[in-house]
Amino acid sequence: MKFATILYLCVLTFASQTPLTASGGWSASPDTAVAVVTAIGNQWNVQMTTDAHHGAIVVWQDRRDGITDKLYVQRISSNGSLLWAEGGIPLAGTPGYQYYPRILADGSGGAFIVWQDNRSSTGYDIYLQHVSGDGG
Numbered sequence: 042m043k044f045a046t047i048l049y050l051c052v053l054t055f056a057s058q059t060p061l062t063a064s065g066g067w068s069a070s071p072d073t074a075v076a077v078v079t080a081i082g083n084q085w086n087v088q089m090t091t092d093a094h095h096g097a098i099v100v101w102q103d104r105r106d107g108i109t110d111k112l113y114v115q116r117i118s119s120n121g122s123l124l125w126a127e128g129g130i131p132l133a134g135t136p137g138y139q140y141y142p143r144i145l146a147d148g149s150g151g152a153f154i155v156w157q158d159n160r161s162s163t164g165y166d167i168y169l170q171h172v173s174g175d176g177g
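Letter by letter, the sequence shown follows residues 42 to 177 in my numbering.
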């Protein structure tokens, strides 16, 4: 019941959320872009939200192992520094594919992330994970 309530609140929040604006303390010049991940393989389907401290939390699909799409997440400070592990931290260490992440700030430096996952090998299910401001 707790999971269903959280999912319901997230869906309501996504549906009613007004667009957020974010600003960082680094240059907008393409020469000074911040590399969030430079791992081998493809990284795509990027989603981003504020971290409530003038930075951002980014989640993306990643095929760095060459076979299976997994989700990784990274927090970026207001000055453009990466705050979590280089290359991001894996969102879920389970087998199977992880697709189509969506992210919502929690207002305390972390975020809620929801995605499609086929870890059960019988189809795709919806999962929700909270990531705290320290990456836990």
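Note that the Cβ used here is the ideal one computed from N, Cα and C, for glycine as well.
For proline 131, DSSP records a beta bridge to Tyr113.
For aspartate 106, same chain residues with a beta-carbon under 8 angstroms away, outside a window of 5 residues either side, are Gly82 in chain order. A straight-line Cα-Cα distance of about 19 angstroms links tryptophan 125 and tryptophan 85. Residues of the same chain with a CB within less than 6 angstroms of the CB of alanine 80, apart from the 5 flanking positions on each side, are Arg105 and Gly128 in chain order. With a beta-carbon spacing of about 5 angstroms, alanine 152 and isoleucine 98 fall inside the 8 angstroms limit used to define contacts.
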